[in-house]
Each structure stands twice: as C-alpha cells, then as structure tokens.
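Counting along the sequence shown from 1, when you hit position 31 you're at 31 in the numbering used here, and nothing is skipped either side.
Built from N, CA and C at the ideal position, the CB exists for glycine as well.
Just so it is clear, the structure is predicted and the values come from calculations on it, not from any experiment.
To start, the structure itself, in structure tokens.
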Amino acid sequence: MFGEFPETVPTHVRASLGVEGVEGKHFDAVVMGRGTYDPGLRLGITSPYSHLAQYVASRSLGTSPDPAVEIVSGDVPDRVRKLKEQPGLGIWLAGGADLAGQLVEEIDEFVVKTYPVFAGSGIPMSRAGFGIRELELTDLKRFGGGQVVTTYARRR
Ligand SMILES: NC(=O)c1ccc[n+]([C@@H]2O[C@H](COP(=O)([O-])OP(=O)(O)OC[C@H]3O[C@@H](n4cnc5c(N)ncnc54)[C@H](OP(=O)(O)O)[C@@H]3O)[C@@H](O)[C@H]2O)c1
C-alpha cells in the first residue's frame with residue numbers, strides 16, 4: 001500500500017517533500033511525543049523538522065539525540081504555555097494521541113486531514129477522554145483524490 005522505502009532515507013521531512021528552503025508561513029516550532037519521534041529516530045533521523053524549533057516530550061530519552069531537538073519532560077503543558085508566550089509563528093503539535101490528550105486545552109486550532117478510506121478502528125486523535133469542546137470551521141480544502149483538510153478554531 002505504501003510502496004518501498006527509498007534506499008536513501010531523507011534526513012528530514014522537507015527533503016522528502018522536495019520543499020527545502022521554502023519559507024514557513026504558519027509554524028516555527030513543533031512539539032511531539034516520543035512515540036511520534038521514535039519511528040524516524042529508529043531510521044537514524046534525529047532532526048526530522050530541521051526548519052522548526054523541535055521539542056520532544058520524553059521521560060525515557062534522557063539526553064537529546066540531536067542538538068536541534070530539546071527534550072521536555074514533566075509539566076509539558078506548562079512548557080507549551082511558555083512557548084506560546086514567545087513572539088513568532090504558531091506551534092505545531094505533531095502528535096501523538098497521548099501528548100495531544102495532555103495538551104488539549106492548549107490547542108487553539110485543529111487541522112484535520114481526512115482520507116477516503118474506512119479503517120474501522122485505529123489510533124484516536126487524542127486520549128483526552130470524553131469532553132465537548134466547541135469548534136468553529138474556519139477553512140476547508142478538498143483535493144482531487146477525495147482528501148479533505150478541515151481547519152477548526154477552538155471557541156473559548
Ligand atoms: N496521523 C497523524 O497525523 C499522526 C501524527 C502524529 C503521530 N501519529 C501516530 O501516533 C502514534 C504515536 O502516538 P502515541 O500516543 O503512541 O505517542 P506520543 O503521544 O507521540 O508519545 C508518547 C510518549 O511521549 C512521552 N510523554 C508524554 N507525556 C509526557 C510528559 N508529560 N513528560 C514526558 N514525556 C511525556 C512519553 O515518552 P517516554 O516513553 O519516552 O517517556 C510517552 O511514551 C504513532 O503511531 C504515530 O505514527 C499520527
């Protein structure tokens with residue numbers, strides 16, 4: 001379904017997408033859990049989003065495998081609140097569900113990609129537990145392959 005991995009794995013996401021050197025418009029930092037960082041790390045990719053300031057939540061990693069990546073442990077929401085106070089572009093929460101659950105009250109915007117595939121079950125978007133948070137649809141993009149990207153702002 002996903003095809004073969006290339007023999008040479010690109011060392012960061014922008015190289016694999018062919019958009020190196022393009023100025024970012026939306027984000028200048030990324031926060032992810034170790035579960036999200038780990039698959040790349042196992043391929044030797046230590047700085048996957050090298051165009052952004054990178055923060056990985058982990059208690060097990062100890063020292064960072066890359067000087068461009070800061071390991072955050074403990075009160076991650078507090079660290080994110082401090083990052084939000086700094087001037088600059090947005091912070092992208094790259095996942096996964098564990099971290100998204102802890103940070104759910106800090107999320108100001110949800111960008112959801114939907115593919116025309118029915119999987120039946122899978123990994124939840126967040127493990128925040130049940131709780132209604134009202135959202136406002138702010139953007140919707142439809143692509144030729146049936147993919148849809150919807151953007152929602154959190155109503156406060
Ligand atoms: N579809 C998408 O757009 C998307 C995006 C991202 C991820 N994903 C998928 O989601 C999966 C990973 O999600 P996940 O929920 O299993 O894991 P995750 O949220 O990425 O990472 C969980 C890990 O983060 C660390 N962590 C969490 N809270 C922490 C805290 N307060 N302090 C310190 N460390 C903390 C812990 O690492 P330690 O164990 O090192 O302590 C924990 O095991 C992967 O399969 C990935 O492919 C999908």
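With a threshold of 7 Å, establish whether the CB of residue i neighbours any heavy atom of ligand 1.
i	result
V76	yes
P39	yes
S121	no
S64	no
Q102	yes
T151	no
R81	no
T46	no
T114	no
R133	no
Closest to residue i by C-alpha separation, out of the options, would be which residue?
i	options	result
S60	D66, P48, S73	S73
G96	H26, G24, G18, V30	V30
S58	G35, Y152, A68	G35
W157	G24, A68, A15	There is no way to answer for residue 157, as the model of the chain reaches only from 1 to 156.
D98	L137, A128, G21, T11	A128
G145	V56, L137, P116	P116
Q147	F118, G21, D38, M32	F118
L140	I132, L17, T151	T151
Assign residue i to one of three DSSP states: helix, strand, or coil.
i	result
V46	The question names Val, yet the displayed sequence has Thr at residue 46. Coil.
L137	strand
M1	With a pLDDT of only 37 at M1, under 50, the local geometry of the prediction cannot be trusted, and the value read off the model is given with reservation. The answer is coil: DSSP assigns M1 none of H, G, I, E or B.
D28	strand
Tell me where the alpha helix (DSSP H) around residue i begins and ends.
i	result
Q102	97-102
V13	13-17
R81	76-85
At which residues does the beta strand (DSSP E) containing residue i begin and terminate?
i	result
E70	69-72
A57	53-57
V112	109-114
T150	148-154
*With a cut-off of 8 Å, do at least 3 Cβ pairs link the region 79-89 to the region 109-127?*
These segments do not touch.
*Can we say the region 21-30 touches the region 45-56, given the rule of at least three CB pairs closer than 8 Å?*
They touch, by the three-pair rule.
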